[in-house]
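Residue numbers (my numbering), protein chains in the order written: chain G, 9 to 587; chain D, 9 to 587. C-beta atoms are modelled at their ideal positions from N, C-alpha and C, and glycine is treated no differently. Quick caveat: nothing in here was measured; it's all calculated off a predicted structure.
There are 2 protein chains.
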Amino acid sequence: MHLFITKVTLCGWVQYLRQDLFIILRDFSGLTQILIPQEESPNDLKAVLCDLTVESVIMVRGTVTRRPAGQENKNMLTGEIEVLAENVEIFNVSKKLPFEIKDFVKKSESLRMQHRYLDLRSSQMQKNMRLRSELVMKMREYLCNVHGFVDVETPTLFKRTPGGAKEFIVPSREPGRFYSLPQSPQQFKQLLMVAGIDRYFQMARCYRDEGSKPDRQPEFTQVDIEMSFVDQSGIMSLVEGLLQYSWPAEKGPIQVPFQTMTYEEAMRGYGVDKPDTRFNMKIEFLRSALAQPGGSVQAICVPSGAVRATSALFCPQELSLVLVRADGSLKSPLKKLLSVSATDDLLQTTGAKPGDLVLMAAVTICCLSSLSLFCLCSSQRPLLGNLRLQCAELLNSRGVTLRDPSVFHFLWVVDFPLFLPKDDEPEQLESAHHPFTAPLPEDTPLLYTEPHKVRGQHYDLVLNGCEIGGGSIRIHKASEQLHVLKNILREDPSLLSHLLEALDSGAPPHGGIALGLDRLVSIMVGALSIRDVIAFPKSFRGHDLMSQAPDFVSEEDLNCYHISVKWPPEQEGTGTAGK
Amino acid sequence: MHLFITKVTLCGWVQYLRQDLFIILRDFSGLTQILIPQEESPNDLKAVLCDLTVESVIMVRGTVTRRPAGQENKNMLTGEIEVLAENVEIFNVSKKLPFEIKDFVKKSESLRMQHRYLDLRSSQMQKNMRLRSELVMKMREYLCNVHGFVDVETPTLFKRTPGGAKEFIVPSREPGRFYSLPQSPQQFKQLLMVAGIDRYFQMARCYRDEGSKPDRQPEFTQVDIEMSFVDQSGIMSLVEGLLQYSWPAEKGPIQVPFQTMTYEEAMRGYGVDKPDTRFNMKIEFLRSALAQPGGSVQAICVPSGAVRATSALFCPQELSLVLVRADGSLKSPLKKLLSVSATDDLLQTTGAKPGDLVLMAAVTICCLSSLSLFCLCSSQRPLLGNLRLQCAELLNSRGVTLRDPSVFHFLWVVDFPLFLPKDDEPEQLESAHHPFTAPLPEDTPLLYTEPHKVRGQHYDLVLNGCEIGGGSIRIHKASEQLHVLKNILREDPSLLSHLLEALDSGAPPHGGIALGLDRLVSIMVGALSIRDVIAFPKSFRGHDLMSQAPDFVSEEDLNCYHISVKWPPEQEGTGTAGK
């Protein structure tokens, strides 16, 4: 290495002051050590620098020098050099802050949110914000530059959609009339296909008023894509290419095509429509486990579960635990019911070994119709699916790593049912996703005879057991869309008359997808919450803790919108303004 | 040229059907002629194709052939070839449409808006949407890839800002509490600078509730930029580079740096703070035009105006017209008041030639203070400035082109006053732009003594006489910001306590700009309205004519927001739901 001397100008924040000898200056790119000159100088540089408070903002001019031998810091990118200060300008002196800007300093989330402009200075949040920006830029390059997509902005002040109970409303200056903030640009993206914008995308701001569901934000962003003259596999391979192209190099390459599984396979093997396929522990169906004909037994084998997980497991009473002892014998309340052949079947099908734990769910009612049995089988699956994830967590906390934290496992789930029975009115069907999803071509005739059997051309993208996107091929014929709305869903089609009319005006076949950007980035950076990849998120109650939004508005300001507040009884008479 | 035979598959819309011989098929890239086979075929291709309605969507497989000699169409990109159809799939048959998709078909704007999905099929709207998308992509490349900016999304559900009368409100599920849709991310962009995101940008959705101002949209998009450790010239040259980089090649290159003019120069020379500098006709100050001392005469010379513009000009009574006759003599009601030397001065200063028209504004009150005289002079300027534009329009309509329609003239206007007297309360100052703008360094002491004299570090970007952007260097010291809010503007600083606290927590010097994307694109493509560069714009009354938004919401749906509609007297008792 050769000697170097360079004059530099650095702007940044004072990270530390050390014994009146050094300042560590921080900027977006990292830390640099500033050497405080110890000799007297006309501008009293030493005094000025030593008087600085942490997090003050300064500009330093000085000379880059190699640190004396032995004083290098290998943990610092600039650890081999320091800058001898010759001149300083103080832009702003920081007062004492509510918390220090150091990665190891723990602070409550509410304190972080109240002072988000400080929290964002942490190296982790800086990394998250910058990685998100770079990811989005690469996605745009892929869609616009590589594949000719058109970035179209769609309105967020729109008409309320049928059943849009989760849509925020915005009063207009016309009495009684409100805009709605849409949950997604679904209608617009389809209208754009009718409009001949054959490849549309948008990083779309979406809104959902769900009160206070944890880890949901009232506004969020989706990568919104729609194409004409495309089929399901076309959208799927576009998205695979998109993610492969934009995936950060530091996170390692991802393999395409992604694994694909039908909804039925996912529910049968994992008890959930967004299986975490980073580990096995699938649900097995045991044909001969119980003596009764017409019964159903499903089971999961948890490797090493007998020793590590049993005690802490919250096991619902519908399930039975079977422990495999070291000698291969079983310990279970069900043991007496299990014949020798059933025991063999259990061990063989689940592959259970000594030390393993088997979770069993049994339905043993003989006189059920096959449909009811199907439903009962299905209802066991979510229980087992939940327990599967719970076991993986438990094993993880006890040092058995089933899931490599650096692995990203993408999975397509396809062939969803198009309609599901309504919870409160099972004779009536509702859309599994939304009323615009097209049926599988081979199931289309069933729309008019047995709609509950129809599978949709819907596809979900799952990453490490989280749903990060979903889309479908849409219905492009007005008559079919009208049949679904009116005869199957029993909704008032007049609310969607503009869409129906558009479909009748030369609509191409089309389909698309929406990826949840916040969720995707949070999994990518290993954040515990999507709040860690959003610059200014709301609290789980929907509040901005920094500015105190939402806030009271004076009655005068409400007048032009022709609305007034209906105060709940206990708050009546306390006035509205300035509260 | 050589013979070629190629099989192709084309998807698109039926643009025309001609005499059962041809179909013109349209897709996003243009038109192609499909030859209908005239011989009988097993799949009855001729009958199928001839039965199609205009705007139906089909897929055609066929063979590309050269058109017979003499039948080429030079006006069509694919005019040398045609495709002999061999196979067709009909995706959707179009019903009869409310208007034809042909550029020459005139239709009312409200009809276009009601059927926007058809209107967007026109070649001009396709061009506008695609050019806008490409422009935005290039801007992102410049900011992100060339200059390391970080694309950060900021919330649109926020707290009401002080004096935010133009902010839409969004009721929350907590009684009396409302979010606000901000007019711009101003506070967030400054907070991001405090947060150490030293280069921020965002294509930001902004909201403004202005009732029904023509050519304004309730939601619009701005290119929002903020930088730390930057001065005015730094932002200006960044924006010049940005526009030069992203400017569409087809519109010709643009020259940088842009012309710069002070606010004072703009008002003096053009009577407006956003002068159209594509043509001259500046306002001239005539020192000796009238005999009285202390008077003020300002004038504009309109070339050829005497013959072409006088009759149609709407001239306010404060102004006088002076026509220069062919022999050089003047025709004017003021003629008797003008001395020989004043006449000479008039002709010389304005450069008026025979056939020209001179517009004169005179103030001749002797006993005014110099401040009042200044104000009176200033009040003449907007009159003359308006008339200047009116004359240019008039001359244009009479064949005298002052402004080349293919020219883009950018101009920076700088050194704006920081504060202006309030219209209704002239002793009280208000911000000329917003309360966060920093004063010019040399004017900073005046903040504490004569604030009305302070000029701000604000800059407007003007294109062809339209303001397309504005920005400033911001105040970064909490004490200065507090002084401005509390002592000069007399606003309640507690509403901005989070910003003041942020400035006290190590805020770097920073500044930025916001460009109006809709306006910029509309000038670029020569659109008459910004509605022509927005996919789904609102009408000038703020309505979506396609879906009928805003719409009525049932009282039940309002309950969870604890609001009720206050119906104006004449509508009382007519009920709310389903109206």
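**Report entry** Cβ of Phe237 (chain D) within 9 angstroms of any chain G Cβ
**Finding:** Locating residue 237 (chain D) in the second sequence gives position 229, where the first residue counts as 1. With 9 angstroms as the cut-off, Phe237 (chain D) counts as an interface residue toward chain G.
Requested in this report: Give, in chain order, every unbroken run of the alpha helix (DSSP H) that is at least 4 residues long and sits entirely within the stretch 23-89 of chain G.
Outcome: 53-58
Report task. Would you list, in chain order, the members of the stretch 71-98 of chain G that have their beta-carbon closer than 7 angstroms to a beta-carbon of chain D? Result -> none
Query raised in the report: When we look at the beta-carbon of Ser130 (chain D) and count the other beta-carbons within 10 Å, is it buried (16 or more) or exposed?
Result: On the second sequence, residue 130 (chain D) is found 122 positions in, with the first residue counted as 1. Ser130 (chain D) comes out buried.
Requested in this report: Go ahead and label Gln7 (chain D) buried or exposed: buried means 16 or more other beta carbons lie within 10 angstroms of its beta carbon, across all protein chains shown.
Outcome: Outside the displayed span of chain D (9 to 587) sits residue 7 (chain D), for which this structure offers no information.
Query raised in the report: In three-state DSSP terms, what is Phe418 (chain G)?
Result: Within the first sequence, the letter at position 410 stands for residue 418 (chain G). In the structure shown, Phe418 (chain G) sits in a strand (DSSP, three-state: E or B).
Report task. Compare the C-beta of Arg224 (chain G) against all C-beta atoms of chain D and say whether one is closer than 9 angstroms. Result -> Reading the first sequence from its first residue, position 216 is the one you call residue 224 (chain G). Answer no: the Cβ-Cβ gap between Arg224 (chain G) and chain D never drops below 9 angstroms.
Report task. Pick helix, strand or coil for Val573 (chain D), following the three-state DSSP scheme. Result -> Within the second sequence, the letter at position 565 stands for residue 573 (chain D). Val573 (chain D) falls in the strand class under three-state DSSP.
Query raised in the report: Are Val154 (chain D) and Phe209 (chain D) closer than 9 angstroms when you measure CB to CB?
Result: By 1-based counting over the second sequence, the position of residue 154 (chain D) is 146. By 1-based counting over the second sequence, the position of residue 209 (chain D) is 201. In this structure, Phe209 (chain D) does not lie closer than 9 angstroms to Val154 (chain D) by Cβ.
Query raised in the report: Taking buried to mean at least 16 other C-beta atoms within 10 Å of its own C-beta, is Gly479 (chain G) buried or exposed?
Result: Along the first sequence, one-based indexing puts residue 479 (chain G) at 471. Gly479 (chain G) is buried by the Cβ-count criterion.
Query raised in the report: When the distance is taken between beta carbons, is Phe99 (chain G) closer than 9 angstroms to Pro453 (chain D)?
Result: The residue labelled residue 453 (chain D) in the question sits at position 445 within the second sequence. The residue labelled residue 99 (chain G) in the question sits at position 91 within the first sequence. Taking 9 angstroms as the Cβ cut-off, Pro453 (chain D) and Phe99 (chain G) do not qualify as a contacting pair.
Requested in this report: With a floor of 4 residues, list each alpha helix (DSSP H) that falls wholly inside the stretch 321-364 of chain D, ordered by position along the chain.
Outcome: Segments of the alpha helix (DSSP H) lying fully in the stretch 321-364 of chain D: 348-358.
Query raised in the report: Closest Cβ-Cβ distance between Gly581 (chain D) and chain G: below 9 angstroms?
Result: Walking along the second sequence from the start, residue 581 (chain D) turns up at place 573. Confidence at Gly581 (chain D) is low in this model, with a pLDDT of 48, below 50, so its placement is unreliable and the value that follows should be read with caution. Interface annotation, Gly581 (chain D): not in contact with chain G, CB-CB separation never under 9 angstroms.
Query - Among G:Phe427, G:Asn51, G:Glu326, G:Gln465, nearest to Pro390 (chain G) - alpha-carbon criterion - result: The residue you call residue 390 (chain G) lines up with position 382 of the first sequence. Checking every option, the nearest Cα to that of Pro390 (chain G) belongs to G:Glu326.
Report task. Compute the distance between the beta-carbons of Tyr278 (chain G) and Pro425 (chain G), then report whether it is under 9 angstroms. Result -> The residue given as residue 278 (chain G) occupies position 270 in the first sequence. The residue given as residue 425 (chain G) occupies position 417 in the first sequence. Not a contact, by the Cβ cut-off of 9 angstroms.
Query - Distance between Phe36 (chain D) and Val573 (chain G) (C-alpha atoms, nearest Å) - result: Position 565 of the first sequence holds residue 573 (chain G). Position 28 of the second sequence holds residue 36 (chain D). If I take the Cα positions, the gap works out to 50 angstroms.
Report task. Find the residues of chain D that neighbour Val178 (chain G), judging by a C-beta separation of less than 8 angstroms, and give them in chain order. Result -> Within the first sequence, residue 178 (chain G) is the residue found at index 170, counting from 1. The contacting residues are Phe176, Ile177, Val178, Leu189, Pro558.
Query raised in the report: Where does Gln198 (chain D) sit, in a helix, a strand or coil, going by DSSP?
Result: The count along the second sequence starts at 1 and reaches residue 198 (chain D) at position 190. Three-state DSSP puts Gln198 (chain D) in a helix.
Requested in this report: Measure from the alpha carbon of Ile165 (chain D) to the alpha carbon of each residue in D:Pro179, D:Cys152, D:Ala522, then state which is nearest.
Outcome: Start at 1 with the first residue of the second sequence, and residue 165 (chain D) comes out as number 157. Residue 165 (chain D) is actually Leu in this sequence, not Ile. Of the listed residues, the one whose Cα sits closest to Leu165 (chain D) is D:Pro179.
Query raised in the report: Are the beta-carbon atoms of Leu507 (chain D) and Leu199 (chain D) separated by less than 9 angstroms?
Result: Residue mapping note: residue 507 (chain D) aligns to position 499 of the second sequence, counting from 1. Residue mapping note: residue 199 (chain D) aligns to position 191 of the second sequence, counting from 1. Yes, they are a contact pair.
Query raised in the report: What is the residue span of the alpha helix (DSSP H) that Ala274 (chain G) lies within?
Result: Here the question's residue 274 (chain G) lines up with position 266 in the first sequence. Unbroken alpha helix (DSSP H) run through Ala274 (chain G): 271-278.
Query raised in the report: Buried or exposed: where does Tyr569 (chain D) fall if 16 or more other Cβ atoms within 10 Å of its Cβ makes it buried?
Result: As a first step, residue 569 (chain D) is located in the second sequence; it is residue number 561 there, counting from the start. Answer is buried; the Cβ neighbour count reaches 16.
Report task. Would you kindly work out how many angstroms separate the C-alpha atoms of Tyr24 (chain D) and Pro50 (chain D), rounded to a whole number? Result -> For the purposes of this step, residue 24 (chain D) is identified with residue 16 of the second sequence, where counting begins at 1. For the purposes of this step, residue 50 (chain D) is identified with residue 42 of the second sequence, where counting begins at 1. Tyr24 (chain D) and Pro50 (chain D): Cα-Cα distance of roughly 25 angstroms.
Query raised in the report: When the cut-off is 9 angstroms and only beta carbons count, does Ala173 (chain G) lie next to chain D?
Result: Reading the first sequence from its first residue, position 165 is the one you call residue 173 (chain G). Closer than 9 angstroms to some Cβ of chain D, the Cβ of Ala173 (chain G) qualifies, so yes.
Query raised in the report: How about Leu410 (chain G) and Met368 (chain G): do their beta carbons lie closer than 9 angstroms?
Result: The residue you call residue 410 (chain G) lines up with position 402 of the first sequence. The residue you call residue 368 (chain G) lines up with position 360 of the first sequence. No, they are not a contact pair.
**Report entry** Proximity of His417 (chain D) and Thr285 (chain D) at Cβ, strictly below 9 angstroms
**Finding:** As a working mapping, residue 417 (chain D) is identified with position 409 in the second sequence. As a working mapping, residue 285 (chain D) is identified with position 277 in the second sequence. Yes, these two residues count as a Cβ contact at 9 angstroms.
Query - Cα-Cα separation, Arg527 (chain D) to Tyr187 (chain D) - result: As a position in the second sequence, residue 527 (chain D) is number 519, starting the count at 1. As a position in the second sequence, residue 187 (chain D) is number 179, starting the count at 1. In a straight line, the C-alpha of Arg527 (chain D) is about 28 angstroms away from that of Tyr187 (chain D).
Query raised in the report: Taking a cut of 7 angstroms between CB atoms, which residues from the stretch 511-544 of chain G lie near chain D?
Result: Asp512, Ser513, Gly514, Ala515, Pro516, Pro517, Ala543, Phe544
Report task. Give the C-beta separation of Trp21 (chain G) and Val65 (chain G) to the nearest angstrom, bearing in mind that I take them to be a contact with Cβ-Cβ under 8 angstroms. Result -> The sequence position of residue 21 (chain G) within the first sequence is 13, counting from 1. The sequence position of residue 65 (chain G) within the first sequence is 57, counting from 1. 6 angstroms between Cβ atoms; contact.
Report task. Run the CB neighbour count on Pro501 (chain G), radius 10 Å, all protein chains shown included, and call it buried at 16 or more, exposed below. Result -> Within the first sequence, numbered from 1, the residue matching residue 501 (chain G) stands at position 493. Looking at its Cβ environment, which holds 16 or more other Cβ atoms inside 10 Å, Pro501 (chain G) is buried.
Query raised in the report: Hey, out of G:Gln191, G:Lys259, G:Gln263, G:Val280, whose CA is closest to Met269 (chain G)'s CA?
Result: Here the question's residue 269 (chain G) lines up with position 261 in the first sequence. For Met269 (chain G), the nearest C-alpha among the options comes from G:Val280.
**Report entry** Contact check, Arg124 (chain G) vs Phe107 (chain G), beta carbons under 9 angstroms
**Finding:** Counted from its first residue, the first sequence places residue 124 (chain G) at position 116. Counted from its first residue, the first sequence places residue 107 (chain G) at position 99. Against a cut-off of 9 angstroms, the Cβ pair of Phe107 (chain G) and Arg124 (chain G) comes out as no contact.
Requested in this report: For Ile31 (chain G), decide whether its Cβ has a neighbour in chain D, counting only Cβ atoms nearer than 9 angstroms.
Outcome: By one-based count along the first sequence, residue 31 (chain G) stands at place 23. Chain D, which has no Cβ nearer than 9 angstroms to the Cβ of Ile31 (chain G), makes this no.
Requested in this report: Using a Cβ-Cβ cut-off of less than 7 angstroms, list which residues of the stretch 98-109 of chain G approach chain D; keep chain order.
Outcome: Correct list: Phe99, Asn100, Ser102, Lys103, Leu105.
Query raised in the report: Along the stretch 155-169 of chain D, what residues have a CB closer than 7 angstroms to any CB found in chain G?
Result: Val158, Asp159, Val160, Glu161, Thr162, Pro163, Thr164, Leu165, Phe166, Lys167, Arg168
Query - Buried versus exposed call for Tyr456 (chain D) [16 or more other C-beta atoms within 10 Å across all chains shown] - result: Residue numbering aside, residue 456 (chain D) sits at position 448 when the second sequence is read from its first letter. Exposed.
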